[in-house]
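Here the structure comes first, spelled out in structure tokens, and everything after it is commentary.
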Amino acid sequence: MNVVNLISDKLKESINKFGTASLVLPGGSSPIKIFKDLSQIELAWSKVQITLVDDRLVDPQNENSNQKLLSEYFFINKAKNANFFPLSEDLIFNKKFKSPFDVTLIGMGEDGHFASLFPGMIGDKEGYSIDANHKIFKTSPQGNPFLPRITMNLSLIMSSELIILLVKGKAKQNILELAKNDETYPIHYLLKNKHKNFIIEKINE
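Read in order, the letters of the sequence shown correspond to residues 1 to 205 in our numbering.
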């Protein structure tokens, strides 16, 4: 099934059942087409809650902000009425934000990182252990651009009802294959825990 339809069907199902739905989105270039396509879907967007799986700790209007990316490519067309909750450390305690999340969409970097969980953080059980308490936490400067970040941890991501991993381009698809058996790649820890509703969407460049 088309990923956009899969996401919208899951959101509609949750709205019909609970009166609200939650969608967690990534930054980066990989999901931009999906953002645009989702924004055209007929949906009760005013009943959909949106947050980010991670962000850079910069001003929301900064070009490196994932929040700015969403404002440009997702909160447009029919999706402009969706409810945005900025990612913050206390979001998981906000009873207004629906959890477990209905859909979490994530990307992957060429170093195998996802969200803002990078290779240099692999020893951090709080970030990478499936048994850790659900947490959103700030990091020291990481990645490219080399900036401090805020991110969901693995256990919180894994609590989602549906996880969709976007892997764009042959280089990243090769890394994904290597990571299945290589603990030095962050994505290994997502793959090995075998989420019950986990989809890998490979996108050609």
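Note that CB positions come from ideal geometry on N, CA and C, so glycine has one too.
Within a Cβ cutoff of 6 Å, which residues of the same chain sit near I7, ignoring the five residues on either side of it in sequence? Here the question's residue 7 lines up with position 7 in the sequence shown. Excluding sequence neighbours, I7 sits near V103.
Beta-carbon contacts of K125 that lie in its chain and below 7 Å, excluding the five residues immediately before and after: Along the sequence shown, read from residue 1 onward, the residue named residue 125 stands at position 125. So the list reads A132, once near-sequence residues are dropped.
Contacts around S10, its chain only, beta-carbon distance under 6 Å, and the 5 residues preceding and following it disregarded: Residue numbering aside, residue 10 sits at position 10 when the sequence shown is read from its first letter. The sequence given here has Lys at residue 10, not Ser. If we look at K10 and ignore the five residues flanking it on each side, its Cβ neighbours are D102, V103 and L162.
Just confirm the distance between the C-beta atoms of D54 and L23, as a whole number of angstroms; I'd bet it's less than 8 Å. Indexing the sequence shown from 1 puts residue 54 at position 54. Indexing the sequence shown from 1 puts residue 23 at position 23. That belief does not hold up - the Cβ atoms of D54 and L23 are roughly 15 Å apart, past 8 Å.
Give the range of the alpha helix (DSSP H) segment to which A3 is assigned. Along the sequence shown, one-based indexing puts residue 3 at 3. Note on identity: in this sequence residue 3 is Val, with Ala being the wrong assignment. V3 to F18 is the span of the alpha helix (DSSP H), which, as asked, contains V3.
Who are M152's beta bridge partners in DSSP? Residue 152 sits at position 152 when you count from the first residue of the sequence shown. The partner list for M152 (beta bridge, DSSP) reads I136.
I'd like the span of the alpha helix (DSSP H) that includes I187, first residue to last. The sequence position of residue 187 within the sequence shown is 187, counting from 1. Unbroken alpha helix (DSSP H) run through I187: I187 to L191.
So, helix, strand or coil for Q40, using DSSP? Working through the sequence shown from its first residue, we reach residue 40 at position 40. In this structure, Q40 counts as coil in the three-state DSSP scheme.
Between which two residues does the beta strand (DSSP E) carrying I50 extend? On the sequence shown, residue 50 is found 50 positions in, with the first residue counted as 1. In the DSSP annotation of this structure, the continuous segment of the beta strand (DSSP E) that includes I50 starts and ends at V48 to L52.
Just to confirm the assignment, what range does the alpha helix (DSSP H) spanning K194 have? Here the question's residue 194 lines up with position 194 in the sequence shown. Looking at the DSSP string, K194 is not in any alpha helix (DSSP H), and its letter there is neither H nor E.
Beta-carbon gap between T151 and K98 smaller than 7 Å: In the sequence shown, the residue the question calls residue 151 occupies position 151. In the sequence shown, the residue the question calls residue 98 occupies position 98. Taking 7 Å as the Cβ cut-off, T151 and K98 do not qualify as a contacting pair.
With 16 other Cβ atoms within 10 Å as the buried cut-off, status of F29: Within the sequence shown, numbered from 1, the residue matching residue 29 stands at position 29. Looking at the sequence provided, one finds Ser at residue 29 rather than Phe. In this structure S29 is exposed. Its beta-carbon is surrounded by fewer than 16 other beta-carbon atoms within 10 angstroms.
Using CA atoms only, rank isn't needed, just tell me which of G112, E72, D90 and Y128 is closest to A179. Stepping through the sequence shown from its first residue, residue 179 is reached at position 179. Taking only the C-alpha atoms, the option nearest A179 is G112.
Could you pull the DSSP bridge partners for E201 from this structure? The sequence position of residue 201 within the sequence shown is 201, counting from 1. Paired residues: L166.
Could you give the uninterrupted runs of the alpha helix (DSSP H) lying entirely in the region 52-123, keeping only those of 4 residues or more? Counting only runs of 4 or more, we get 66-73.
Out of G27, H134 and E13, which one is the CA nearest neighbour of N144? Translated into the one-based positions of the sequence shown, residue 144 becomes position 144. It is G27 whose Cα lies nearest to the Cα of N144.
Note down the Cα distance separating M108 from P119, rounded to an integer number of angstroms. In the sequence shown, the residue the question calls residue 108 occupies position 108. In the sequence shown, the residue the question calls residue 119 occupies position 119. Each residue's CA atom was taken as its position, placing M108 and P119 some 12 Å apart.
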